[in-house]
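Residue numbers (my numbering): 596 to 1000.
For glycine and all other residues, C-beta sits at the position ideal for the given N, C-alpha and C.
All remarks here apply to the structure that follows.
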């Protein structure tokens, strides 16, 4: 469903008889069905403003990112070299065309690609969602018949994708996108016609300053991400198992450190990433024991695995049991259980807790049994540190290894 708006970006422009309509009105006309389709998808999937990047974030950083649109527009003009400006120069016409480019191309395309598509692609593709969405974005520019421009747009799309993932806001890239098109289709063609000598003298300086400011901001965001202060929310690391505890001086595994900083909002973000369900789960169950924390989510929405149970403890996927792992930095176990039918509210909580806990234990026990047979030493170290947390008891040990569906 998230891909629905993508063909609408080009199909209406190809099918509508716009030849008698002023060119400056083409984008608003085409964007109307685009905004409608996007709004319906957002409403159906119940995407929040935070998930779509509809927040300001660090406003100074966003404005510095936006300034990069000047240099991007100059670079793309050097590739495409459009001869005529979108509208003849008058201040009212220029301001109207700028507003059209900002809303009908900048905001519309960034909302679709970096807002909706990037959000929906993360649960399925992880870090490759950035590449996937950037490729879709670049393909839309094939109509200019320039492979250089397609490559340029792909690189810009990747940078925009990381900016949104790091900052959580599409404000800066929306303004940069609109400013790029303004410089490409208005300012540079005006400069080529020598409308203003001052404009021609100022453009190189403006381009250099905007490039410096925007690149510096991107580097700063990337540095903060590497330091853990603003990492892309859905770029998982891949590790087959969570890191085993370091052994102390007596040869026994050290106790896991207590988990800190996982807020209710962080739990919701985790649930949405792992299931693709962008609404609140029906129930969240939190347990903390011996410094280790578990979060169990219960949902009535159908989950994207056949056995309807996903257990996450840190790095890879065991497809036979539908067991997946979270990136190790989360440091806790999270399970998601789907319940097709629920009794009334009073009984739902009790029934959900009971079934969810049994399913979580069963699937995880099955995975750890396989680990114990294939890598016994690693299993013993892991189980010594974490085993008691997974509900070791006679009833759990008797459970057969089976899918939870």
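For residue i, the first and last residue of its enclosing alpha helix (DSSP H)
| i | result |
| --- | --- |
| residue 807 | 792-821 |
| residue 733 | 723-734 |
| residue 760 | 742-762 |
| residue 625 | 621-640 |
Which listed residue (the options) has its alpha carbon closest to that of residue i
| i | options | result |
| --- | --- | --- |
| residue 808 | 762, 645, 656 and 799 | 656 |
| residue 736 | 751, 629, 804 and 724 | 751 |
| residue 683 | 661, 674 and 693 | 693 |
| residue 708 | 734, 818, 806 and 785 | 734 |
| residue 646 | 712, 627, 659 and 666 | 712 |
| residue 685 | 781, 796, 801 and 816 | 781 |
| residue 621 | 676, 669 and 691 | 691 |
| residue 821 | 648, 757, 675 and 689 | 757 |
| residue 658 | 767, 777, 678 and 619 | 767 |
| residue 680 | 617, 723 and 637 | 617 |
| residue 698 | 623, 802 and 799 | 623 |
| residue 627 | 695, 689 and 649 | 695 |
| residue 641 | 714, 663 and 819 | 714 |
| residue 664 | 786, 673, 649 and 805 | 805 |
| residue 662 | 794, 648, 777 and 818 | 777 |
| residue 673 | 815, 738, 799 and 818 | 799 |
Reduced DSSP category for residue i - H, G, I as helix; E, B as strand; rest coil
| i | result |
| --- | --- |
| residue 684 | coil |
| residue 776 | helix |
| residue 666 | helix |
| residue 678 | coil |
| residue 941 | With a pLDDT of 34 at residue 941, under the threshold of 50, the modelled position of this residue cannot be trusted; read the value that follows with caution. Helix at residue 941. |
| residue 784 | helix |
| residue 710 | helix |
| residue 649 | coil |
| residue 765 | coil |
| residue 704 | helix |
| residue 887 | With a pLDDT of only 42 at residue 887, under 50, the local geometry of the prediction cannot be trusted, and the value read off the model is given with reservation. Of the three classes helix, strand and coil, the one that applies to residue 887 here is strand, per DSSP. |
| residue 643 | coil |
Segment contact flag, the segment 744-754 with the segment 786-795, C-beta cutoff 8 angstroms, min 3 pairs: no
contact_flag[the segment 721-734, the segment 750-764] where n(CB pairs < 8 angstroms) is 3 or more: yes
Touching by the beta-carbon criterion (3+ pairs, under 8 angstroms), the segment 754-764 and the segment 646-656: yes
Contact between the segment 698-711 and the segment 802-821 (3+ Cβ pairs under 8 angstroms): The segment 698-711 is not in contact with the segment 802-821.
Three CB pairs or more closer than 8 angstroms across the segment 766-781 and the segment 625-641: With the cut-off at 8 angstroms, the segment 766-781 and the segment 625-641 do not touch.
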